[in-house]
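Report on the structure given below.
2 protein chains.
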Amino acid sequence: MKFLHTSDWHLGRQFHNVSLIEDQDVVLQQIVNYVRQHPVDAIVVAGDIYDRSVPPTQAILLLNRVLTELCQTLNTPVIMIPGNHDGAARLGFGAEQMRASGLNIISDFAQMLEPVIVTTEDAGEVAFYGMPYSDPEQVRHELQVAVSTHDEAHQHLCQLITEKFDMSQRHVLISHCFVDGAMESESERPLSIGGADRVNHQHFLPFDYVALGHLHQPQFKGAEHIRYSGSLMKYSFSEQHQKKGMYLVELNHDGFVASTFIPLQAPHEMRIIEGELHTIIANAKDDPRRDDYLLVRLTDTHAILDPMDKLRSVYPNVLHLEKPGMLIGVDQEMRSQRLKRSEFDMFKDFFQETHQAPLTSAQEQAVIEVIQALKQGEEQ
Amino acid sequence: MKFLHTSDWHLGRQFHNVSLIEDQDVVLQQIVNYVRQHPVDAIVVAGDIYDRSVPPTQAILLLNRVLTELCQTLNTPVIMIPGNHDGAARLGFGAEQMRASGLNIISDFAQMLEPVIVTTEDAGEVAFYGMPYSDPEQVRHELQVAVSTHDEAHQHLCQLITEKFDMSQRHVLISHCFVDGAMESESERPLSIGGADRVNHQHFLPFDYVALGHLHQPQFKGAEHIRYSGSLMKYSFSEQHQKKGMYLVELNHDGFVASTFIPLQAPHEMRIIEGELHTIIANAKDDPRRDDYLLVRLTDTHAILDPMDKLRSVYPNVLHLEKPGMLIGVDQEMRSQRLKRSEFDMFKDFFQETHQAPLTSAQEQAVIEVIQALKQGEEQ
Numbered sequence: 001m002k003f004l005h006t007s008d009w010h011l012g013r014q015f016h017n018v019s020l021i022e023d024q025d026v027v028l029q030q031i032v033n034y035v036r037q038h039p040v041d042a043i044v045v046a047g048d049i050y051d052r053s054v055p056p057t058q059a060i061l062l063l064n065r066v067l068t069e070l071c072q073t074l075n076t077p078v079i080m081i082p083g084n085h086d087g088a089a090r091l092g093f094g095a096e097q098m099r100a101s102g103l104n105i106i107s108d109f110a111q112m113l114e115p116v117i118v119t120t121e122d123a124g125e126v127a128f129y130g131m132p133y134s135d136p137e138q139v140r141h142e143l144q145v146a147v148s149t150h151d152e153a154h155q156h157l158c159q160l161i162t163e164k165f166d167m168s169q170r171h172v173l174i175s176h177c178f179v180d181g182a183m184e185s186e187s188e189r190p191l192s193i194g195g196a197d198r199v200n201h202q203h204f205l206p207f208d209y210v211a212l213g214h215l216h217q218p219q220f221k222g223a224e225h226i227r228y229s230g231s232l233m234k235y236s237f238s239e240q241h242q243k244k245g246m247y248l249v250e251l252n253h254d255g256f257v258a259s260t261f262i263p264l265q266a267p268h269e270m271r272i273i274e275g276e277l278h279t280i281i282a283n284a285k286d287d288p289r290r291d292d293y294l295l296v297r298l299t300d301t302h303a304i305l306d307p308m309d310k311l312r313s314v315y316p317n318v319l320h321l322e323k324p325g326m327l328i329g330v331d332q333e334m335r336s337q338r339l340k341r342s343e344f345d346m347f348k349d350f351f352q353e354t355h356q357a358p359l360t361s362a363q364e365q366a367v368i369e370v371i372q373a374l375k376q377g378e379e380q
Numbered sequence: 001m002k003f004l005h006t007s008d009w010h011l012g013r014q015f016h017n018v019s020l021i022e023d024q025d026v027v028l029q030q031i032v033n034y035v036r037q038h039p040v041d042a043i044v045v046a047g048d049i050y051d052r053s054v055p056p057t058q059a060i061l062l063l064n065r066v067l068t069e070l071c072q073t074l075n076t077p078v079i080m081i082p083g084n085h086d087g088a089a090r091l092g093f094g095a096e097q098m099r100a101s102g103l104n105i106i107s108d109f110a111q112m113l114e115p116v117i118v119t120t121e122d123a124g125e126v127a128f129y130g131m132p133y134s135d136p137e138q139v140r141h142e143l144q145v146a147v148s149t150h151d152e153a154h155q156h157l158c159q160l161i162t163e164k165f166d167m168s169q170r171h172v173l174i175s176h177c178f179v180d181g182a183m184e185s186e187s188e189r190p191l192s193i194g195g196a197d198r199v200n201h202q203h204f205l206p207f208d209y210v211a212l213g214h215l216h217q218p219q220f221k222g223a224e225h226i227r228y229s230g231s232l233m234k235y236s237f238s239e240q241h242q243k244k245g246m247y248l249v250e251l252n253h254d255g256f257v258a259s260t261f262i263p264l265q266a267p268h269e270m271r272i273i274e275g276e277l278h279t280i281i282a283n284a285k286d287d288p289r290r291d292d293y294l295l296v297r298l299t300d301t302h303a304i305l306d307p308m309d310k311l312r313s314v315y316p317n318v319l320h321l322e323k324p325g326m327l328i329g330v331d332q333e334m335r336s337q338r339l340k341r342s343e344f345d346m347f348k349d350f351f352q353e354t355h356q357a358p359l360t361s362a363q364e365q366a367v368i369e370v371i372q373a374l375k376q377g378e379e380q
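Sequences listed follow chains F and Y, in order. Take the first sequence: its letters are residues 1 to 380, numbered as in full-length UniProt numbering. Take the second sequence: its letters are residues 1 to 380, numbered as in full-length UniProt numbering.
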């Protein structure tokens, strides 16, 4: 039995005020095409389907189209859970009615305990348990159990599921959480402050495979079969060197066999280019990917007129410009300006404080002359 | 064959800052109970399911629960269209996947031309065509046809459907529009300004039944089988005398047989009470429906201290207070000479309210003198 593990689609995301919906469409079409060419028994999406709980209409239309291609046209069951970015109730509307058509959106704890069973010859019955994203407060409130951390919450939820295990089946868990020790990326939204969101991977060991979502870098943690697929595409410049894709997971009657990374290629990469303006522009003509989304970090230390316009004439999708070299210059300038102007002001304040009277205009004139004389002395 | 025709649920509506979701829940449960006791072959909801395109989570949860009871528990197909209040794309998410479970949300023109077929012994195949709410701009844009009014748009859409008629079937249309000559209520949102939204009922004549939504008063227009069910409940005080409910529609092999109005009872009615404050309060003790949502129109012509508090001590759900009597008083005062008379009148009312006794003539004299003294002071 083979299934695809993907997550963190974040449909509807904006990046530096640019809508990524068309890029997301292209990458999702790669998933559809993959399934068309290499049929699989199921597709798992481990949360953060949308980028926010009330997604834009375009994102809804895109997801609807992709799911209809996967479930109806390609007749492949899809199993998904909401992540911390999704609105579980909103995403879960009609879930009961969708199940018969192979679209399984698991958005509450009752559904969590009713696994989606996919049966194949080589692996028998595989039970997919979806754990909708939930913070400790929700688990405490909805299940009336005393848990105060994400770790305790996940331990409890895993226990509820493993108690229901039918040992003639294989067991796959889908969860959206932060496994302790795994690598973060910049584009994730923290689940809680100060590390209280970390979950021990030990809770997941009883499963044959754990399809994780939340962290945007593909990786496994604790064991080969406890794995993040990473996000659909790069969602921050700091991910420029990450590979994005999905896992093809193979199970047999004995459980986990292998996972294979299937790369997905966004139409625009996210890259950081660093250097002096004239060098960057001169090198652009040999750059085969001039349409990429760019962060340009200019190292020039002199002021440049309209650097964004100049860059966009060769790189149309420069989304952000940093000028660390020039910032140093500006900073120095501000410091000196502040001093020059403030010496007179400070003396005026000092005089007022000590004499309980303002400077007369003759005194003011005298002070200004003294300061100017001192300045000239400094400069010589 | 019997089916229910309902519309204009407006789930998530607020009324004078009060959420109606619990009332809507109670009324929807009456529909579920009706179907449990009197099984029907289908349930039609003719648009304005939600009150706005991005409904609150509570409304989504309620609709989800009701549809699951109808489609899954009671195994009754539901056929719905978006109205002008709904977001068609948002409401239509997963529609393809829901069809197999009997939940039919028809939210685009392609789906409009694929009728939902319900087959019974006494009527044979009945084809339900859902026409998602659409203004002329949408029809023009999506179907590339030169229509400029709602009437032309509906004529065109009806023609597209009737061209597809299988004459061995009965044909039901579900549409959300304003049929020319039908009666408006205050709680509807106009589809366009100045009457350009009116649709001629003639376009609908070829159908065996037309289940209409948009107008909130139950009524038929043009022919017995072209009918508005009206809204789920009252959504304005001006609807206080309207009956709210749904239609049980019967068809046989020859088409339309009958429609029967099934009343639905909201837990709080919306009523207008008019009279003097003391009369209203005195009569309240014999009022069996003191929890109703009330608009109170006070006819008193003198000022009253805290009338809302006084009314709410007997009618807890007074949502709006009108004081036409006092407005006329103020108006007259303003039109006649200044405030000399009214200041005294107002003080007299105030004294009566706070002391539960009128001014003595000595007190009256004193107040008049004080006011005169103040006036003279002002004029100097």
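Glycine residues also receive a C-beta, built at the ideal position from the N, C-alpha and C atoms. Because the structure is a prediction, the values reported are computed rather than measured.
Who are the neighbours of G222/F on chain Y, taking C-beta pairs under 8 Å?
-> Taking the first sequence and counting its residues from 1, the one referred to as residue 222/F is at position 222. By Cβ distance, chain Y contributes nothing, its closest Cβ being about 35 Å from G222/F, past 8 Å.
Assigned exposure category for P307/Y - 16 Cβ within 10 Å defines buried | The residue labelled residue 307/Y in the question sits at position 307 within the second sequence. When all chains shown are included, P307/Y counts as buried.
Report yes or no: is there a C-beta of chain Y within less than 8 Å of the C-beta of I60/F?
-> The residue you call residue 60/F lines up with position 60 of the first sequence. With 8 Å as the cut-off, I60/F counts as an interface residue toward chain Y.
With F82/Y and I60/Y assumed to form a contact (beta carbons below 8 Å), what rounded beta-carbon distance in angstroms separates them?
-> The residue given as residue 82/Y occupies position 82 in the second sequence. The residue given as residue 60/Y occupies position 60 in the second sequence. One detail in the question is off: residue 82/Y reads as Pro in this sequence, not Phe. No, P82/Y and I60/Y are not in contact; Cβ-Cβ is about 14 Å, not under 8 Å.
V126/Y: buried (16+ other C-beta within 10 angstroms of its C-beta) or exposed?
-> Working through the second sequence from its first residue, we reach residue 126/Y at position 126. Burial call: buried.
Under 8 Å, do G325/F and G213/F count as touching if we go by C-beta distance?
-> For the purposes of this step, residue 325/F is taken as the residue at position 325 of the first sequence. For the purposes of this step, residue 213/F is taken as the residue at position 213 of the first sequence. Cβ distance not < 8 Å, so G325/F and G213/F don't count as in contact.
Thinking C-alpha only, which one of D345/Y, H302/Y and H278/Y is nearest R312/Y?
-> Working through the second sequence from its first residue, we reach residue 312/Y at position 312. Nearest C-alpha to R312/Y: H278/Y.
When you compare each of S231/F, P39/F, I79/F and L251/F to A266/F by their alpha carbons, which one comes out closest?
-> The sequence position of residue 266/F within the first sequence is 266, counting from 1. Residue S231/F is the option with its Cα nearest to A266/F.
Let me know the secondary structure DSSP gives A127/F once reduced to three states.
-> In the first sequence, residue 127/F corresponds to position 127, counting from 1. Strand at A127/F.
Cα-Cα, which of V199/Y, E121/Y and V27/Y is closest to V147/Y?
-> For the purposes of this step, residue 147/Y is identified with residue 147 of the second sequence, where counting begins at 1. Considering only alpha carbons, the answer is V199/Y.
Cβ neighbours of H211/F in the same chain (closer than 6 Å, five flanking residues each side left out) | As a first step, residue 211/F is located in the first sequence; it is residue number 211 there, counting from the start. It is Ala, not His, that sits at residue 211/F in the sequence shown. The answer, listed in chain order, is H5, V44, A46 and I174.
Quick one: is M98/F near chain Y, going by C-beta distance under 8 Å?
-> For the purposes of this step, residue 98/F is taken as residue 98 along the first sequence, with counting starting at 1. It does: the Cβ of M98/F has a partner Cβ on chain Y nearer than 8 Å.
Where do the N-terminal and C-terminal ends of the beta strand (DSSP E) with R99/Y fall, by residue?
-> Taking the first residue of the second sequence as position 1, residue 99/Y is located at position 99. Note, R99/Y: premise wrong, no beta strand (DSSP E); not H, not E.
Is there a Cβ from chain Y that is less than 8 Å from the Cβ of V54/F?
-> Here residue 54/F refers to the residue found at position 54 when the first sequence is read from its first residue. Yes, contact with chain Y.
Identify whether I226/Y lies in helix, strand or coil by the three-state DSSP scheme.
-> Counting from 1 along the second sequence, the entry for residue 226/Y is found at position 226. Reduced to three states, the DSSP call for I226/Y is strand.
First through last residue of the alpha helix (DSSP H) which encompasses Q111/Y | To locate residue 111/Y, count along the second sequence from 1; it is residue 111. Its alpha helix (DSSP H) spans residues F109 to M112.
Between G130/F and chain Y, is there a C-beta pair that is closer than 8 Å?
-> Looking up residue 130/F in the first sequence gives position 130. It does not: the Cβ of G130/F has no partner Cβ on chain Y nearer than 8 Å.
List the endpoints of the continuous beta strand (DSSP E) containing H171/F.
-> Residue numbering aside, residue 171/F sits at position 171 when the first sequence is read from its first letter. Residues R170 to H176.
Helix, strand or coil at M346/F [DSSP, three-state] | The sequence position of residue 346/F within the first sequence is 346, counting from 1. In this structure, M346/F counts as helix in the three-state DSSP scheme.
Within 10 angstroms of its Cβ, does I193/Y collect 16 or more other Cβ (buried), or is it exposed?
-> One-based indexing of the second sequence puts residue 193/Y at position 193. By the 10 Å Cβ count, I193/Y comes out exposed.
Whose CA, out of G275/F, R289/F and I281/F, lies closest to the CA of T301/F?
-> Within the first sequence, the letter at position 301 stands for residue 301/F. Ranking G275/F, R289/F and I281/F by Cα distance to T301/F puts G275/F first.
Label R38/Y either buried or exposed according to how many other C-beta atoms from any shown protein chain fall within 10 Å of its C-beta, with 16 as the threshold for buried.
-> To locate residue 38/Y, count along the second sequence from 1; it is residue 38. In the sequence under discussion, the amino acid at residue 38/Y is His, which differs from the Arg named in the question. Flag for H38/Y reads exposed.
In DSSP terms, what P39/F is bridged to = Numbered from its first residue, the first sequence carries residue 39/F at position 39. None; P39/F has no bridge partner.
From H203/F to A258/F, what does the alpha carbon distance come to, in whole angstroms?
-> Here residue 203/F is taken as the residue at index 203 of the first sequence, counted from 1. Here residue 258/F is taken as the residue at index 258 of the first sequence, counted from 1. Between H203/F and A258/F, the C-alpha separation is close to 21 Å.
So what does DSSP say about H16/Y, is it helix, strand or coil?
-> In the second sequence, residue 16/Y corresponds to position 16, counting from 1. Of the three classes helix, strand and coil, the one that applies to H16/Y here is coil, per DSSP.
Would you give the residue range spanned by the beta strand (DSSP E) that I273/Y belongs to?
-> The residue given as residue 273/Y occupies position 273 in the second sequence. That run of the beta strand (DSSP E) goes M270 to G275.
Beta-carbon separation of P55/Y and L11/Y under 8 Å?
-> On the second sequence, position 55 is the one that residue 55/Y refers to. On the second sequence, position 11 is the one that residue 11/Y refers to. The answer is yes: Cβ separation under 8 Å.
With a CB to CB cut of under 6 Å and the five nearest residues on each side skipped, what residues in its chain are close to E186/Y?
-> Position 186 of the second sequence holds residue 186/Y. Taken in chain order, the residues that qualify are S236 and S238.
According to DSSP, is K186/F helix, strand or coil?
-> Here residue 186/F refers to the residue found at position 186 when the first sequence is read from its first residue. Per the sequence shown, residue 186/F should be read as Glu rather than Lys. It is coil, neither helix nor strand.
Figure out for me which residue from M80/Y, Q144/Y and M183/Y has the closest Cα to the Cα of P132/Y.
-> Locating residue 132/Y in the second sequence gives position 132, where the first residue counts as 1. Of the candidates M80/Y, Q144/Y and M183/Y, the one whose C-alpha sits nearest the C-alpha of P132/Y is M80/Y.
Under the three-state reduction of DSSP, which class applies to I262/Y: helix, strand or coil?
-> Here residue 262/Y refers to the residue found at position 262 of the second sequence. Three-state result, I262/Y: strand.
Taking 8 Å as the CB-CB limit, is N64/Y close to chain B?
-> Absence of chain B from the displayed structure is noted, the protein chains being F and Y.
Three-state secondary structure assigned by DSSP to L339/Y = One-based indexing of the second sequence puts residue 339/Y at position 339. Note on L339/Y: pLDDT 46, under 50, position unreliable in the model; the coordinate value appears next. L339/Y falls in the coil class under three-state DSSP.
Under 9 Å from the C-beta of G87/Y: neighbouring residues of chain F = In the second sequence, counting from the first residue as 1, residue 87/Y sits at position 87. Under the 9 Å cutoff, chain F gives T57 and I60.
Among F109/F, R99/F and D135/F, which one has its Cα closest to the Cα of V118/F?
-> Taking the first sequence and counting its residues from 1, one reaches residue 118/F at position 118. Nearest option by C-alpha distance: R99/F.
Distance CB(D180/F)-CB(H201/F) smaller than 8 Å | Reading the first sequence from its first residue, position 180 is the one you call residue 180/F. Reading the first sequence from its first residue, position 201 is the one you call residue 201/F. Yes, the pair counts as a contact, with Cβ atoms nearer than the cut-off.
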